[in-house]
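K.L.:
Under our numbering, the first residue of the sequence shown is numbered 8, with each subsequent residue one higher. Backbone N, C-alpha and C fix where the C-beta goes; we use that ideal spot for every residue, glycine too. Small disclaimer: the values here were computed from a predicted structure and weren't measured. Below you'll find the structure I mean.
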Amino acid sequence: MMKLVIKGIIPPMITPLLENKQLDLVGLKNLLHHLINGGVHGIFILGTTGEGPSLSYAVRKQLITETCKIVNKKVPVLVGITDTSIDGTMEIANHAKKVGADALVVAPPYYFPIAQEEMGDYLESLVPMLPLPFMMYNMPSCTKLHLSIDVVRRAKELGAIGIKDSSGDLTYLYSLIEEFKSDPSFSIIAGTELFLPETILNGGHGSVAGGANFFPRLFVDLYEAAMDQNLEKIKILREKVIMVHRTIYEVGEYSSRHIKGTKAALMAMGICQDHNAEPLDRFTEEQRNRIKTYIAQFNYKNEYNTVQ
Numbered sequence: 008m009m010k011l012v013i014k015g016i017i018p019p020m021i022t023p024l025l026e027n028k029q030l031d032l033v034g035l036k037n038l039l040h041h042l043i044n045g046g047v048h049g050i051f052i053l054g055t056t057g058e059g060p061s062l063s064y065a066v067r068k069q070l071i072t073e074t075c076k077i078v079n080k081k082v083p084v085l086v087g088i089t090d091t092s093i094d095g096t097m098e099i100a101n102h103a104k105k106v107g108a109d110a111l112v113v114a115p116p117y118y119f120p121i122a123q124e125e126m127g128d129y130l131e132s133l134v135p136m137l138p139l140p141f142m143m144y145n146m147p148s149c150t151k152l153h154l155s156i157d158v159v160r161r162a163k164e165l166g167a168i169g170i171k172d173s174s175g176d177l178t179y180l181y182s183l184i185e186e187f188k189s190d191p192s193f194s195i196i197a198g199t200e201l202f203l204p205e206t207i208l209n210g211g212h213g214s215v216a217g218g219a220n221f222f223p224r225l226f227v228d229l230y231e232a233a234m235d236q237n238l239e240k241i242k243i244l245r246e247k248v249i250m251v252h253r254t255i256y257e258v259g260e261y262s263s264r265h266i267k268g269t270k271a272a273l274m275a276m277g278i279c280q281d282h283n284a285e286p287l288d289r290f291t292e293e294q295r296n297r298i299k300t301y302i303a304q305f306n307y308k309n310e311y312n313t314v315q
């Protein structure tokens, strides 16, 4: 079996939903074609941006099945399996294996605050049951646990193929790169998209960039510029990413605005609808119109909008 390599731009794909909260199959197809045509190196579903924990098991399974079918092995499909119960985690993991996903993504079970030691013990019991390669996911803002380097090392010893770090802590990201640099097959992936150049220039492997949902090519180009160590190009492209942060991500006042803004951007581009899973709701009409204006400005200014 070929060793799975996790690198490059792996969008944390949103889950396109209809008004009745069922999966939007047309939107899903449009979105996956948009991402693959944009040159992404993998697809990560059922993460935070994908509202994984808010979806029913039926919708999660349907999303995994349809995504694997549409992607059809063009790029690896990574599936978030984090749940409050180990049975729920395994149900999604086994379904992912059955329908052809490539890897699983494991974050700490949320709700109960757990200690680092308990997380390590949890991995000891979970990992032997996992049917696919897995990577770790550090998301302290949602799980109450900022994975220690020790726990990540333990995960690697158990067979983890990498870690996605969404802590937003650049020092921690650097220490991960430093700790595991002797094994280039262990992927260090930044969850904070603005850290992409630093991640690559310091020896990391890529980014799970939320903005790649709507502008995949922008992030792929930034990744390639970093791989080429083209500092001039990095500077120009990073300005565009900062522009996304100052516009699309700044509509709305709650922290959920990143997910809502991403969905509204995709709707403005005609890719899918912008319905969210409860407890989140879509933007107001006024907010959606602001997003529409921003998307139009980007389309006017650069070539990153692949949808006409």
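Go ahead and label residue 110 buried or exposed: buried means 16 or more other beta carbons lie within 10 angstroms of its beta carbon, across all protein chains shown.
P.N.:
Residue 110 is buried by the Cβ-count criterion.
K.L.:
Is DSSP giving residue 19 helix, strand or coil here?
P.N.:
Residue 19: strand per DSSP, three-state reduction.
K.L.:
Using a Cβ-Cβ cutoff of less than 6 Å, which residues in the same chain neighbour residue 218 once the five nearest sequence positions on both sides are dropped?
P.N.:
Counting only Cβ-Cβ distances below 6 Å, and skipping sequence neighbours, we find 200, 251.
K.L.:
Could you pull the DSSP bridge partners for residue 214 from this structure?
P.N.:
According to DSSP, residue 214 bridges with 16, 197.
K.L.:
Quick one: grab the DSSP three-state call for residue 88.
P.N.:
It is coil, neither helix nor strand.
K.L.:
Mapping DSSP to helix, strand and coil, what is residue 267?
P.N.:
DSSP places residue 267 in helix when its eight states are reduced to three.
K.L.:
Report the rounded CA-to-CA distance for residue 207 versus residue 45, giving the unit in angstroms.
P.N.:
For residue 207 and residue 45, the distance between alpha carbons rounds to 20 Å.
K.L.:
Short check: CB of residue 266 to CB of residue 96, under 8 Å?
P.N.:
Cβ atoms of residue 266 and residue 96: not closer than 8 Å.
K.L.:
Which partner residues does residue 39 have in the DSSP bridge list?
P.N.:
According to DSSP, residue 39 bridges with nothing at all.
K.L.:
Compare the Cα-Cα distances from residue 284 to each of 221, 66, 173 and report the closest residue.
P.N.:
Comparing Cα-Cα distances from residue 284 to each of 221, 66, 173, the minimum goes to 66.
K.L.:
Three or more C-beta pairs under 8 Å: does that hold for the stretch 161 to 180 against the stretch 188 to 198?
P.N.:
With the cut-off at 8 Å, the stretch 161 to 180 and the stretch 188 to 198 touch.
K.L.:
Can you give me the C-alpha to C-alpha distance between residue 36 and residue 76, rounded to a whole angstrom?
P.N.:
Residue 36 and residue 76: Cα-Cα distance of roughly 10 Å.
K.L.:
Using three-state DSSP, classify residue 222 as helix, strand or coil.
P.N.:
Looking at residue 222 - three-state DSSP - the assignment turns out to be coil, as it is neither helix nor strand.
K.L.:
Quick one: Cα of residue 220 to Cα of residue 24, how far?
P.N.:
Those two C-alpha atoms are separated by around 15 Å.
K.L.:
Which residues in the same chain have their Cβ closer than 6 Å to the Cβ of residue 188, if we skip the five residues on either side of it in sequence?
P.N.:
For residue 188, where only same-chain residues beyond five positions count, the Cβ hits under 6 Å are 210.
K.L.:
Under the DSSP definition of a beta bridge, which residues are partnered with residue 233?
P.N.:
None; residue 233 has no bridge partner.
K.L.:
For residue 228, which residues in the same chain have their Cβ closer than 7 Å to its Cβ, ignoring the five residues on either side in sequence?
P.N.:
Once the five neighbours on either side are set aside, the close Cβ partners of residue 228 are 244.
K.L.:
Apart from the five residues just before and just after residue 304, which ones in its own chain have a Cβ nearer than 8 Å to its Cβ?
P.N.:
If we look at residue 304 and ignore the five residues flanking it on each side, its Cβ neighbours are 254.
K.L.:
Would residue 136 and residue 158 be called neighbours here (beta carbons separated by less than 8 Å)?
P.N.:
Contact: no.
K.L.:
Does the beta-carbon of residue 297, which I'm using as the reference point, lie nearer than 7 Å to any heavy atom of the ligand ZN?
P.N.:
Among the components modelled here there is no ligand, and therefore nothing to report on the ligand ZN.
K.L.:
Are the CB atoms of residue 115 and residue 13 within a distance shorter than 8 Å?
P.N.:
Cβ atoms of residue 13 and residue 115: not closer than 8 Å.
K.L.:
Checking the sheet assignment: what are the DSSP bridge partners for residue 141?
P.N.:
DSSP lists 111 as partners of residue 141.
K.L.:
Which residues in the same chain have their Cβ closer than 7 Å to the Cβ of residue 307, if we skip the five residues on either side of it in sequence?
P.N.:
Bear in mind that the predicted position of residue 307 carries a pLDDT of just 48, short of 50, making it unreliable; the figure below should be weighed with that in mind. None.
K.L.:
Along the chain, where does the beta strand (DSSP E) containing residue 157 start, and where does it finish?
P.N.:
From DSSP, residue 157 is part of no beta strand (DSSP E) but of the alpha helix (DSSP H) over 156 to 164.
K.L.:
Return the chain-ordered list of same chain residues with a C-beta closer than 8 Å to the C-beta of residue 315, the five sequence neighbours on each side being excluded.
P.N.:
The pLDDT assigned to residue 315 is 35, lower than 50, so where the model puts this residue is not dependable; a value taken from the coordinates is nonetheless given after this. Same-chain partners within the cutoff: there are none.
K.L.:
Is residue 299 helix, strand or coil by DSSP?
P.N.:
Correct three-state label for residue 299: helix.
K.L.:
What's the C-alpha gap between residue 93 and residue 133?
P.N.:
Computed Cα separation, rounded: 7 Å.
K.L.:
Taking residue 121 as part of the alpha helix (DSSP H), name the residues at either end of that continuous run.
P.N.:
Segment: none, residue 121 is in no alpha helix (DSSP H) and carries neither H nor E.
K.L.:
Ignore the nearest five residues each way along the sequence and tell me which others in residue 237's own chain have a CB closer than 8 Å to its CB.
P.N.:
Nothing meets the Cβ criterion.
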